[in-house]
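Worksheet: one structure, shown below.
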Amino acid sequence: MTTTTLVDRDAVDRVLHEALARGGEFAELFCEDKTSSFASMDQQRVEEIGSSHERGAGIRVVVGETTGFAHTADLTERGLLDAARTASSIAKAGQPTTSPTAVGDLATHDVRATVIPDEVPKSRRVELLKAADDAARAAGSSVTQVMVGVGDSRRRILVANSDGTFASDDLVRSRLNVMCVASGDTGMQIGFEPIAKTAGFEVFDAEDVPAVATKAARQALTKLQARPAPTGELPVVLAGGSGGVLFHEACGHGLEADAILKEASVYAGRVGELVASPLVTLVDDGTMDLEWGALAIDDEGRPAARNVLIENGVLTEYMWDWLQARKDGRRSSGNGRRESYQCLPLVRMTNTFLLAGTEDPDEIVAQTPYGIYVAKLSGGQVNTATGDFTFGTSEAYLIENGKLTAPLRDCQLIGNGPEVLSRVDAIGTDFAMMPGTCGKDGQSVPVGCGQATMRVTGMTVGGTAA
Amino acid sequence: MTDLAEIAAGVVERAQPGEALEAYVAFGSETEVRAYQGEVESLTSATTSGVGVRVLLETPDGARVGFASAGSLDEGVVEKVLADARDNAQFGSPDPAVVLAVPDGVVPAELVLEDPSLGAVPTDRKIALAIELERAARAADPRVRQIDEASYGDAVVESALASTTGIRSRARRSISWLALAAIADGTGRDQTGYGSLASRGVDGLDVEQVANDAVVRATRLLGSSKPASTRCAVVFDPRVTATLLAVISTALSGESVTKGRSFFADRVGEPVAAPIVTLVDDPTDPRHLAASQVDGEGLACRRTVLIEKGTLSGFVWDTVSARRAGTASTGSAVRPGYAGTPAAGCRALALSPGDLEFDGVLRAVGEGVYVQSVTGVHSGVNPISGDLSVGAEGLRVTGGVLGEPLREMTIGTTLQRLLLDVSVVGADVEWLPGVAAGQTLAISDAAISGS
Chain A
1 MTTTTLVDRD
11 AVDRVLHEAL
21 ARGGEFAELF
31 CEDKTSSFAS
41 MDQQRVEEIG
51 SSHERGAGIR
61 VVVGETTGFA
71 HTADLTERGL
81 LDAARTASSI
91 AKAGQPTTSP
101 TAVGDLATHD
111 VRATVIPDEV
121 PKSRRVELLK
131 AADDAARAAG
141 SSVTQVMVGV
151 GDSRRRILVA
161 NSDGTFASDD
171 LVRSRLNVMC
181 VASGDTGMQI
191 GFEPIAKTAG
201 FEVFDAEDVP
211 AVATKAARQA
221 LTKLQARPAP
231 TGELPVVLAG
241 GSGGVLFHEA
251 CGHGLEADAI
261 LKEASVYAGR
271 VGELVASPLV
281 TLVDDGTMDL
291 EWGALAIDDE
301 GRPAARNVLI
311 ENGVLTEYMW
321 DWLQARKDGR
331 RSSGNGRRES
341 YQCLPLVRMT
351 NTFLLAGTED
361 PDEIVAQTPY
371 GIYVAKLSGG
381 QVNTATGDFT
391 FGTSEAYLIE
401 NGKLTAPLRD
411 CQLIGNGPEV
421 LSRVDAIGTD
431 FAMMPGTCGK
441 DGQSVPVGCG
451 QATMRVTGMT
461 VGGTAA
Chain B
1 MTDLAEIAAG
11 VVERAQPGEA
21 LEAYVAFGSE
31 TEVRAYQGEV
41 ESLTSATTSG
51 VGVRVLLETP
61 DGARVGFASA
71 GSLDEGVVEK
81 VLADARDNAQ
91 FGSPDPAVVL
101 AVPDGVVPAE
111 LVLEDPSLGA
121 VPTDRKIALA
131 IELERAARAA
141 DPRVRQIDEA
151 SYGDAVVESA
161 LASTTGIRSR
171 ARRSISWLAL
181 AAIADGTGRD
191 QTGYGSLASR
201 GVDGLDVEQV
211 ANDAVVRATR
221 LLGSSKPAST
231 RCAVVFDPRV
241 TATLLAVIST
251 ALSGESVTKG
261 RSFFADRVGE
271 PVAAPIVTLV
281 DDPTDPRHLA
291 ASQVDGEGLA
301 CRRTVLIEKG
311 TLSGFVWDTV
321 SARRAGTAST
331 GSAVRPGYAG
341 TPAAGCRALA
351 LSPGDLEFDG
361 VLRAVGEGVY
371 VQSVTGVHSG
381 VNPISGDLSV
391 GAEGLRVTGG
401 VLGEPLREMT
411 IGTTLQRLLL
421 DVSVVGADVE
431 WLPGVAAGQT
441 LAISDAAISG
451 S
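Here the protein sequences line up with chains A and B, keeping their order. Numbering-wise (the numbering used here), the first sequence opens with residue 1 and increments by one. Numbering-wise (the numbering used here), the second sequence opens with residue 1 and increments by one.
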């Protein structure tokens, strides 16, 4: 099946006409067909094995500052026309009607995966689960629980709008997660490691699955000896790959144009200003092949792009979707994304990363007399209006006299975006990316984050030790 | 539209020898209006439907289970879902604990969980509520600089479940809500406040209440500063308490217990909390917005006492986890919609209320920190280890009243400690849309990290 069969071109034109029949300046049809499968092993049993299929369309009509939106699981022309009428019901009588530009040839993007998950026997998934489970359990007798999940999705989208956009994408994503519980005198600790790529099952040949599982187990085992993290403001060194989420939270969300145009971001009105240490160059890049946030087109039909957001500490650009770009009289930067056809697009990040620096990562630690070293982060959260953000550690160590010493129990770090960005005083050469799931307004989308080993001169560490 | 129960029963009729089937069918309709600068920013109107099927293949070593779902109730799609679930089941591990729920004779409570008038509310009234909410918030205080979100939403959800083991159940409920995010101008440092209210229909919504709530929360943080690190008593806002109870509930799930992922395992009968703590999961109490007659496997929901006067008294169980533990289901299977499988979980938690309203709790505490909101809960509160470290903002409690506003701090303790350190449970129960009701809660000690 190809995306062109989701809805044919003539039907697309008729639906867009119907969507604008009661007035309105813009109409868009977004069709999606997504199949996914997952399998999980828990207590050495294949406990869940399932698949799902979601298929439908979302239609939006924009009149002035107002958006009408309807979605339907009925992809027949009748179903789409009904949804078009519902979405257009917000159009006020008397508004001028725009005729949609007839869509041209479909700009297709073929699937880039080489091993299509649908064609992989389910027994292969069971093998992967077992391989990870075995490796994690072999890491130590204190590993008491291992949960492994393997999942994949194939998402075919088609976007058409009244400006003549007509594009499709066919995206395959595959992931494997290992979570381990280790038990000791101090209670239980967990370790977690993912593999997640915008690719097919070839990733599980390229990546060493048992090694990833072992890493998750070691993380849990190490923390059995962990002591409570300190409190107060301390220097923080973030390992390469682990700290990308810091930038995702500290400034990524604040550079999304919806927050900017509503003046709900501390970065509003600051293009051209120094907002970070001159060491900081931050990029959002949807074209980064294989990474978790990669896409050929965004969910509004715009080609993915590489956008430099902060260059040598100076704020250069925000991220834009169609709606926010229209308000500002510019073009979208390819950052309009949605969780599914049931959602309106929002300005979202894709793969967001800090360019590598020039310092030896080991030297950065060696030159830190006292602080904490974060080897692995869990998630984060930000309030864009105040700039305050938090993120959690899932593997961290105390730094004493330039050396990693005691492992620390999980804790949150809290800081203020602009303040923390100005306190970046060292960036290493060991660039790495890591996958994540970003939530905004109840919608989750896959994103990538990346950076090399780096140091922030001070952040508040939320431990319990005095 | 075809009756949901008929669709579910139709799937079950197709069971082949040697297999057990369960079909869950759901239908929902929703409206959401967002207002901005006196206009409709967006209006969403939609329906969703779907089916999830579990197939259990009998083997001498137990059943293999497979699952499939699709977001459509078309006959061909339902047929394909059944075939996919059957195929998936071939690859599950045989497990003697895996069985479908069997009717256990408990009669579902008679509950009214839907406001039947919601369906007749015209879209214009919903739009007016959102616009009025934004206006009220902007008018409430001159320091309100911006409204980031002012929205009205509602949903009616209906589901039916059938199985080859004789389960036939259905459920229907409605919810409507207002949500508001206000930004107050701090000339230099802005502050934000969030207000919301949910009810079964629009009559239970109060625009002024939500607007004032959000605006007070934003403005009272103006001029906040980062506190020095210390240890002190902490008073949690009702919504923060609800968030923490939701995390604690994971450790009270029979599934976590049987899989060795709960710090409560093997502790039934032991003191796990201060004696003033009694925690009950009661989905038959219709004041809980998540109340339900039946659970995610079609058994009657029932009241389960989890902690009584500080002593751990039990867990919530679904059919499979109960079987693993040698006990019976408490009617506590929770299903994340048609696309997910049931698992044991709490649905409607509340602490037995104390005698003191919010102001009384502050007076009882005297000195400490009141936490208005927390961040980083999903990464900072771990229901397996119990470690708790979250970002927080709020106000100092001094002389038994609220004092200076505080920002950019963290609260650190463990869930185990937190329960034992509870010093006051408020009388101010707030019925919220999540797993737990909100109540002001004070604990005697936690680490505050700041400068």
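Note that CB positions come from ideal geometry on N, CA and C, so glycine has one too.
Reference residue i, options the options, closest by Cα
i, options, result
"serine 196 of chain B", "B/Ala181, B/Thr187, B/Asp185, B/Arg189", "B/Ala181"
"threonine 281 of chain A", "A/Met454, A/Ala268, A/Val111", "A/Met454"
"glutamate 317 of chain A", "A/Leu158, A/Val212, A/Arg270", "A/Arg270"
"glutamate 39 of chain B", "A/Gly151, A/Val62, A/Val46, A/Gly23", "A/Val62"
"glycine 10 of chain B", "B/Asp61, B/Val78, B/Ala343", "B/Val78"
"threonine 44 of chain B", "B/Val102, B/Ala436, B/Lys126", "B/Lys126"
"proline 383 of chain B", "B/Thr319, B/Gly354, B/Leu244", "B/Leu244"
"valine 294 of chain B", "B/Val98, B/Ser444, B/Val334", "B/Val334"
"arginine 302 of chain B", "B/Asp154, B/Val106, B/Gly50", "B/Val106"
"threonine 287 of chain A", "A/Gln412, A/Asn416, A/Asn351, A/Thr437", "A/Asn351"
"glycine 434 of chain B", "B/Asp148, B/Ala251, B/Gly345, B/Ala214", "B/Gly345"
"tyrosine 341 of chain A", "A/Phe30, A/Leu16, A/Arg22, A/His17", "A/Phe30"
"asparagine 335 of chain A", "A/Val7, A/Leu129, A/Gly357, A/Arg306", "A/Arg306"
"glycine 71 of chain B", "B/Asn88, B/Ala26, B/Glu114", "B/Ala26"
"glutamate 400 of chain A", "A/Thr76, A/Gly243, A/Gly241, A/Pro369", "A/Pro369"
"tryptophan 320 of chain A", "A/Gly329, A/Gly313, A/Gly387", "A/Gly329"
"aspartate 74 of chain A", "B/Ser329, B/Thr47, B/Val381, B/Gly92", "B/Thr47"
"valine 365 of chain A", "A/Asp205, A/Pro235, A/Leu344, A/Leu6", "A/Pro235"
Exposure label - residue i; buried when at least 16 CB within 10 Å
i, result
"alanine 228 of chain B", "exposed"
"lysine 403 of chain A", "exposed"
"alanine 446 of chain B", "buried"
"glutamine 225 of chain A", "exposed"
"glutamate 363 of chain A", "exposed"
"proline 117 of chain A", "buried"
"valine 81 of chain B", "buried"
"valine 308 of chain A", "exposed"
"aspartate 203 of chain B", "exposed"
Inter-residue Cα distance where the pair is residue i and residue j
i, j, result
"glutamine 189 of chain A", "alanine 139 of chain A", "15 Å"
"leucine 452 of chain B", "valine 268 of chain B", "Nothing about residue 452 of chain B can be read from this structure; chain B reaches only from 1 to 451."
"glycine 153 of chain B", "leucine 20 of chain A", "25 Å"
"alanine 5 of chain B", "alanine 83 of chain B", "20 Å"
"leucine 306 of chain B", "tryptophan 317 of chain B", "11 Å"
"glutamine 145 of chain A", "alanine 229 of chain A", "25 Å"
"aspartate 430 of chain A", "aspartate 133 of chain A", "29 Å"
"glycine 366 of chain B", "valine 425 of chain B", "15 Å"
"glutamate 270 of chain B", "leucine 346 of chain A", "49 Å"
"leucine 221 of chain B", "aspartate 289 of chain A", "44 Å"
"arginine 323 of chain B", "leucine 100 of chain B", "11 Å"
"valine 15 of chain A", "arginine 85 of chain A", "9 Å"
"arginine 239 of chain B", "glycine 76 of chain B", "44 Å"
"phenylalanine 264 of chain B", "phenylalanine 26 of chain A", "56 Å"
"aspartate 360 of chain A", "glycine 241 of chain A", "15 Å"
Three-state secondary structure (DSSP) of residue i
i, result
"methionine 1 of chain A", "Residue placement at methionine 1 of chain A is poorly supported in this model, since its pLDDT is 42, which falls under 50; the coordinates are not used for a value here."
"arginine 54 of chain B", "strand"
"proline 194 of chain A", "strand"
"glutamate 6 of chain B", "helix"
"lysine 484 of chain A", "Residue 484 of chain A is absent from the model: chain A starts at 1 and stops at 466."
"valine 12 of chain A", "helix"
"aspartate 82 of chain A", "helix"
"aspartate 33 of chain A", "strand"
"isoleucine 276 of chain B", "coil"
"aspartate 203 of chain B", "helix"
"tryptophan 177 of chain B", "strand"
"alanine 246 of chain B", "helix"
"glutamine 37 of chain B", "coil"
"proline 121 of chain A", "coil"
Chain C contact residues for residue i, given Cβ-Cβ distances below 9 Å
i, result
"glutamine 372 of chain B", "Considering every chain present, this structure includes no chain C. Its protein chains are A and B."
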